[in-house]
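Heads up: the sequence shown begins at 1 in the UniProt record's numbering, then just goes up one per residue.
Don't be surprised by glycine CBs; every beta carbon is placed ideally from N, CA and C.
What follows is a set of notes on a single structure, which appears directly below.
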Amino acid sequence: MKRENWIDWAKAVGILFVVMGHSSYACEDVGRMIYMIHMPLFFFISGYLFKTDKNYKELFLNSWKSLCVPYIFYNLLFAIFTICTRMVKLLMGSDVDWTFSFFNPLWHSLLGVANGIFDGPTWFLLALVWCKFFTYALHTNESVYKKVGLLCLWGILFTVRILCGIQFVFAIDCALAGFIWFEIGHLIKLNIGRFIYYPSWCWILLVFVGFFVCYKLMQINGQCNYIMADVKGGLGIVATGMGLIGFFSLCKLLNGVNSKIVLRISKASIVIMCVHMLIQGPLESIIHYQGNIIITIVGDIFIVLVLTAIYPIVQKYVPVLVGGRK
């Protein structure tokens, strides 16, 4: 598949948003706005790039290699890191709550219960597997009744999750929320293909209108949280949709700007997503960079660049961590 420059910009800026979303800002609205769009935009991009030209076996094998295996190994890496840091605390004479810090995350990681796994952001990898299979079944099945049945199943499960607050295993609940944007991204690719050309002033207008409406609706309705499958109802979906319009309009404006560093960040997005919290916490403990908006953004950009720099090494020597991506 030929790379689309605006997609690389979206992934590069989007992965910075993921890192920023786990930082603490003096202005709380920064983090709240990021949470409105940072995971939906990756579901959208994944749906936009998704192809239904494989059979179920090929789809399973591809998903296992590119998503499930990295999930297993990243959480194993974080589990080892947790054991090592807790052992150091014990040697220094501190008390360690092994149930809270190790056994609960272990249980959650094994079952794929998104909120509480060792490597928090990896819930997205599991959710993406379900989104792929659901969209594949929806678009390769010629029976209208089966398609309606699939959508009804999605609606029932999503309603149960929202009303009962039950967290599903293997991040199925996160997938129910993310499927909205995955499917929209896929439908746009099928029915529009490359985004229709508009003059620059239209994209600029959409950037401001999209982000402004998203921000105002967020203030009224509250912040979304996709790890909890909390889309904040219909108004929250509209707010996120407007935020995505603003975000992707910005990326379309940047489409003509070719940057090698943006391309590299885009390719390294899986490593950045899954490893940044391993750096972020210790870095904050050492230099206390979080708080001031400018300094925090600089610190988060630094983390993105460091992980981008080590991506080729990870890709070459530990390919399981990148899911065999080239």
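So, for residue i: in the same chain, excluding its five sequence neighbours on each side, which residues have a beta-carbon less than 8 Å away from its beta-carbon?
i           : result
residue 338 : The requested residue 338 is not part of the displayed model; the chain covers only 1 to 326.
G323        : K65, S66, L67, V69, P70 and I270
V210        : In the sequence under discussion, the amino acid at residue 210 is Gly, which differs from the Val named in the question. Only M242, G243, L244, I245, G246, F247 and S249 meet the Cβ criterion.
W154        : F134, L176 and F179
N221        : K232, G233, L235, G236 and A239
N258        : N5
T52         : T135, Y136, H139 and T140
Considering Cα atoms alone, identify which of the options is closest to residue i.
i    : options                   : result
V265 : D300, T308 and C251       : In the sequence on display, residue 265 carries Ile and not Val. Among D300, T308 and C251, the Cα nearest to that of I265 is on T308.
M33  : I303, V257 and G243       : G243
H38  : K132, C214 and G281       : C214
L205 : K252, A127 and Q290       : K252
F60  : R325, I172 and V129       : V129
I261 : S249, G165, A12 and E4    : A12
S46  : A10, P282 and K57         : A10
N75  : W107, S63 and L283        : W107
I301 : V19, I7 and E4            : V19
G21  : M87, L110, Q290 and I83   : Q290
C27  : V306, P319 and I295       : I295
D119 : F73, V320 and V148        : F73
V314 : E4, V275 and L91          : V275
F44  : H288, S143 and I7         : I7
S23  : Y317, I279 and R325       : I279
S200 : L110, K316, F158 and G256 : G256
I125 : L41, S63 and I287         : The displayed chain sequence assigns Leu, not Ile, to residue 125. Ranking L41, S63 and I287 by Cα distance to L125 puts S63 first.
Y25  : L187, F50, C164 and I297  : I297
T82  : K326, Y317, G281 and V144 : G281
W187 : N5, F50 and R3            : With the sequence shown as reference, residue 187 is identified as Leu, and Trp is not the correct amino acid for it. Among N5, F50 and R3, the Cα nearest to that of L187 belongs to F50.
M277 : E58, F78, D53 and K54     : F78
Which of helix, strand or coil does DSSP assign to residue i?
i    : result
D29  : helix
N75  : helix
N104 : helix
D97  : coil
G291 : strand
N55  : coil
K316 : helix
S24  : coil
D119 : coil
F134 : helix
M92  : coil
R86  : helix
N141 : coil
F50  : coil
V113 : coil
T323 : A small fix is needed here, since residue 323 is Gly in this sequence, not Thr. Note: G323 maps to coil in three-state DSSP.
K11  : helix
K2   : coil
Once you ignore the five residues that flank residue i on each side, which residues in its own chain have a CB closer than 6 Å to its CB?
i    : result
T99  : none
Y48  : G185 and K189
V207 : G246, S249 and L250
F17  : I34 and H38
V320 : V69 and F73
L254 : W9
L157 : L176
S109 : N75, I117 and F118
E284 : Q290
For chain C, check one thing: does any of its Cβ atoms lie closer than 7 Å to the Cβ of residue i?
i    : result
F248 : Absence of chain C from the displayed structure is noted, only one protein chain being present.
Going by beta carbon distance, what residues of the same chain come within less than 7 Å of residue i, once the five residues before and after it are set aside?
i    : result
C174 : A114, W123, A127, Y226, I227 and A229
M218 : R32, M33, M36 and A239
K89  : V96
L41  : A10, G14, L244 and F247
I3   : Strictly speaking, residue 3 in this sequence is Arg, with Ile absent from that position. Here the set comprises nothing.
I203 : The question names Ile, yet the displayed sequence has Trp at residue 203. Excluding sequence neighbours, W203 sits near S249, K252 and L253.
Write down the C-beta distance between residue i and residue j rounded to the nearest angstrom, noting that I regard them as a contact closer than 8 Å.
i           : j    : result
G236        : C224 : 5 Å
C131        : F168 : Not quite, the Cβ-Cβ distance comes to about 14 Å (not below 8 Å), so this is no contact.
F103        : R86  : Going by Cβ atoms, the distance from F103 to R86 rounds to 11 Å, so no, they are not a contact pair.
residue 342 : K267 : Outside the displayed range of the chain (1 to 326) lies residue 342, so it cannot be described from this structure.
F306        : I15  : Contrary to the premise, residue 306 reads as Val rather than Phe in this sequence. Contact doesn't hold; Cβ gap of about 13 Å is too wide.
A171        : G93  : With 8 Å as the limit, A171 and G93 do not qualify as a contact, their Cβ atoms being about 38 Å apart.
P105        : M273 : So it is not a contact: roughly 18 Å between Cβ atoms.
I293        : V30  : 7 Å
Please go through the region 158 to 237 and give each complete alpha helix (DSSP H) segment of 4 or more residues, from N-terminal end onward. Whole alpha helix (DSSP H) segments, 4+ residues: 172 to 191 and 200 to 221.
Where in the region 239 to 292 do unbroken runs of the alpha helix (DSSP H), each at least 4 residues long, occur, reported from the N-terminal end onward? Counting only runs of 4 or more, we get 260 to 267 and 269 to 287.
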